[in-house]
Amino acid sequence: MDSTESAATRVTPARGCAASASATPRAVSGRRSTKKINSAKRRTRSELDLARGDWTKHGYAYADGAANTNDADARFTANIERISVKTVTREAFIERFEKTRTPCVITDAMEDWGCYRAGSTRRWTIDALAERFRDVKFKVGTDDDGYPVKLKMKYIKEYVNDPVHLHDDSPMYAFDGSVFDKPETKSLLEDFSIPEYFEEDLFKHVGRKRRPPYRWVVFGPPRSGSSVHVDPLATSAWNALISGRKRWALYPPRSVTRAQIKPRGIGLDGESVTWFNKMYPRTRTEEWRRQGLPPPIDVIQYPGEIMFVPDGWWHAVLNLDHTMAVTQNFATTARFDAVWRITRRARPKMSAKWLQKLRLTRPDLGEVADAQPRRGPESAGEQTTSTSSSSEGSSDTEQEQTEVAKKEREVFESAGMTKRTRSSDAIVAELAQEKMRAAAERDDAMEV
Numbered sequence: 001m002d003s004t005e006s007a008a009t010r011v012t013p014a015r016g017c018a019a020s021a022s023a024t025p026r027a028v029s030g031r032r033s034t035k036k037i038n039s040a041k042r043r044t045r046s047e048l049d050l051a052r053g054d055w056t057k058h059g060y061a062y063a064d065g066a067a068n069t070n071d072a073d074a075r076f077t078a079n080i081e082r083i084s085v086k087t088v089t090r091e092a093f094i095e096r097f098e099k100t101r102t103p104c105v106i107t108d109a110m111e112d113w114g115c116y117r118a119g120s121t122r123r124w125t126i127d128a129l130a131e132r133f134r135d136v137k138f139k140v141g142t143d144d145d146g147y148p149v150k151l152k153m154k155y156i157k158e159y160v161n162d163p164v165h166l167h168d169d170s171p172m173y174a175f176d177g178s179v180f181d182k183p184e185t186k187s188l189l190e191d192f193s194i195p196e197y198f199e200e201d202l203f204k205h206v207g208r209k210r211r212p213p214y215r216w217v218v219f220g221p222p223r224s225g226s227s228v229h230v231d232p233l234a235t236s237a238w239n240a241l242i243s244g245r246k247r248w249a250l251y252p253p254r255s256v257t258r259a260q261i262k263p264r265g266i267g268l269d270g271e272s273v274t275w276f277n278k279m280y281p282r283t284r285t286e287e288w289r290r291q292g293l294p295p296p297i298d299v300i301q302y303p304g305e306i307m308f309v310p311d312g313w314w315h316a317v318l319n320l321d322h323t324m325a326v327t328q329n330f331a332t333t334a335r336f337d338a339v340w341r342i343t344r345r346a347r348p349k350m351s352a353k354w355l356q357k358l359r360l361t362r363p364d365l366g367e368v369a370d371a372q373p374r375r376g377p378e379s380a381g382e383q384t385t386s387t388s389s390s391s392e393g394s395s396d397t398e399q400e401q402t403e404v405a406k407k408e409r410e411v412f413e414s415a416g417m418t419k420r421t422r423s424s425d426a427i428v429a430e431l432a433q434e435k436m437r438a439a440a441e442r443d444d445a446m447e448v
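Quick note: the sequence shown uses UniProt numbering, first residue 1, plus one each step.
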């Protein structure tokens with residue numbers, strides 16, 4: 001999925017579309033705002049020195065690079081199929097795109113959404129969210145220990161509008177899934193609906209407490225985004241863009257390895273804009289092609305469009321404007337075999353509960369799960385270190401997903417009483433940090 005993306009006491013009820021006419025938001029203290037924003041910046045990127053100007057040292061805001069993209073470039077105009085929900089049925093979508101793992105852009109699916117609907121008061125803009133959820137905190141990153149860094153919406157609004165921060169190389173990016181469970185922000189669920197192509201949701205049978213994180217609201221300034229990644233547990237994803245433009249680069253399953261798409265030694269720092277400026281150009285060279293590696297599928301996504309990312313695809317996302325989106329990972333019947341194969345090994349306790357539910361609600365899938373061998377050709381391939389053949393890229397990816405999910409399970413099981421006192425965001429953030437550490441350790445081992 002877009003491993004996609006880097007706003008004041010509420011003055012309206014949570015269900016309100018905008019501030020009431022008689023309500024006037026209190027002004028935000030400039031000194032306090034600066035203090036809160038700078039604190040968040042130091043926590044999310046401790047390696048950067050604010051006083052020294054490290055947040056703008058690369059000049060990406062000015063450079064003629066990835067973030068300053070020409071929409072008319074041929075590689076963005078005819079590189080992916082765009083389909084309309086008005087002309088392509090759900091059954092046809094499953095056959096043409098989901099079963100074949102073919103990405104596409106979907107149009108005409110957001111016309112009735114309250115957060116997007118043309119001619120209405122937009123509910124999902126920085127200003128509108130700051131009015132509705134002034135003192136609600138949104139996650140804008142993680143610190144060095146993997147804990148979430150959060151800012152109140154009133155400070156996020158100041159951050160994206162303050163000229164002092166306007167030229168950050170890689171701005172902070174709100175990427176928060178907890179808002180859909182909080183009483184004060186749960187009304188966001190009323191502002192959109194699940195696209196008809198993605199109404200099937202097999203992970204709902206896992207149960208709310210065991211289900212992995214799967215749905216997020218994401219928004220941020222130009223040059224924020226999600227660096228290259230593969231979505232976990234063989235899930236696919238959809239990303240609905242409400243405002244702004246997003247740039248995508250996608251690489252097919254089994255076509256590249258992690259070491260090829262995220263190499264060490266070229267200055268990658270986990271930021272999307274860095275990857276697009278330092279690694280992406282390499283994937284469009286003749287040398288890349290001579291290695292038998294595919295060029296990316298390049299896409300610019302526009303407001304009102306939904307990006308479909310099938311399971312197994314490496315993808316990176318870069319915001320070209322101030323963007324607002326909602327994204328969700330999912331598992332369906334069409335790709336259940338792959339999802340089950342990874343989930344069974346990576347999350348055995350969760351998968352056991354899942355299988356019990358499936359046997360009752362979807363006995364056909366229960367039979368598919370029971371018929372899978374405990375170890376097969378795919379899992380045997382996990383033991384190889386993908387160094388020579390691009391076809392081994394899938395095993396490298398699958399192993400990474402399995403190991404990350406195992407770590408997730410270990411964290412939850414070892415948390416004990418702590419699990420009841422720490423926020424779910426803190427635990428999820430810790431897992432993300434562990435993922436990066438584990439990836440670095442694997443790279444070191446491969447180099448030896």
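Where is the CB? At the ideal position from N, CA and C, for every residue including glycine.
Selected residue, minimal CA-CA separation from F203, among L48, K357 and K36: K357
Check residue 487 in the structure and name its three-state DSSP category. What the structure shows of the chain is the stretch from 1 to 448, and residue 487 is not part of that stretch, so it cannot be assessed.
Do A237 and F276 have their beta-carbon atoms positioned less than 8 Å apart in this structure? no
Residue range of the beta strand (DSSP E) that A63 falls in? Element bounds for A63: n/a, residue is neither H nor E.
Which first and last residues belong to the beta strand (DSSP E) in which L318 is found? W314 to N319
Is Q356 helix, strand or coil by DSSP? helix
Taking the beta carbon of D231 as the centre, do at least 16 other beta carbons fall within 10 Å, making it buried, or is it exposed? buried
If I'm right that H205 touches T361 with Cβ under 8 Å, what's the distance once you round it to whole angstroms? 6 Å
DSSP three-state assignment for F198, whether helix, strand or coil: helix
Count the other C-beta atoms from every protein chain shown that fall within 10 angstroms of the C-beta of I342, then say buried if there are 16 or more, exposed otherwise. buried
Beta-carbon of I80 versus every beta-carbon of chain C: anything under 8 Å? Absence of chain C from the displayed structure is noted, only one protein chain being present.
Hey, A338 and D364: beta-carbon distance below 8 Å or not? no
Work out the CA separation of L48 and K152 for me, nearest whole Å. 22 Å
Using only CA atoms, which one of A128, R101, N161 and D168 lies nearest to H58? D168
At the level of alpha carbons, what is the spacing between D396 and T34? Unreliable positioning characterises D396 in this predicted model, as indicated by a pLDDT of 41, which lies under 50. The coordinate reading is nonetheless provided below. About 43 Å.
With C-beta atoms as the reference, is S243 less than 8 Å away from Y173? no
Output yes or no for whether 8 Å exceeds the beta carbon distance between V228 and K262. yes
For a test of the three-state rule: what should DSSP assign to F276, helix, strand or coil? helix
Using a threshold of 8 Å, state whether the C-beta atoms of W314 and L268 are closer than that. no
From which residue to which residue does the beta strand (DSSP E) around K139 run? K137 to T142
Terminal residues of the continuous beta strand (DSSP E) containing V309? I306 to V309
What are the boundary residues of the beta strand (DSSP E) that W216 is part of? R215 to G220
Between which two residues does the beta strand (DSSP E) holding K36 run? Counting along the chain, K36 falls outside any beta strand (DSSP E), though it belongs to the alpha helix (DSSP H) covering G30 to T44.
Could you pull the start and end residues of the alpha helix (DSSP H) that Y155 belongs to? M153 to N161
On the DSSP bridge list, what partners appear for L250? I297 and H315
At the level of alpha carbons, what is the spacing between R245 and Y302? 5 Å
Quick one: using the 10 Å Cβ neighbour count with 16 as the cut-off for buried, is D112 buried or exposed? exposed
Residue range of the unbroken beta strand (DSSP E) whose run includes W288: Element bounds for W288: not the beta strand (DSSP E) but the alpha helix (DSSP H), E286 to R290.
When you compare the CB positions of R215 and G270, do they come within less than 8 Å of one another, or not? no
Burial state of G207, where buried means 16 or more other Cβ atoms lie within 10 Å: exposed
Does the Cβ-Cβ distance between I299 and F76 come in under 8 Å? What sits at residue 299 in the sequence shown is Val, not Ile. Yes; because the gap between Cβ atoms is below 8 Å, this pair is in contact.
Quick check on DSSP: helix, strand or coil for K57? coil
Report yes if the C-beta distance between P103 and I297 is below 8 Å; otherwise report no. yes
Judging by CA-CA distance, which residue of N239, K353 and P294 is the nearest neighbour of Q260? P294
From the DSSP output, which residues share a beta bridge with N239? M307 and T327
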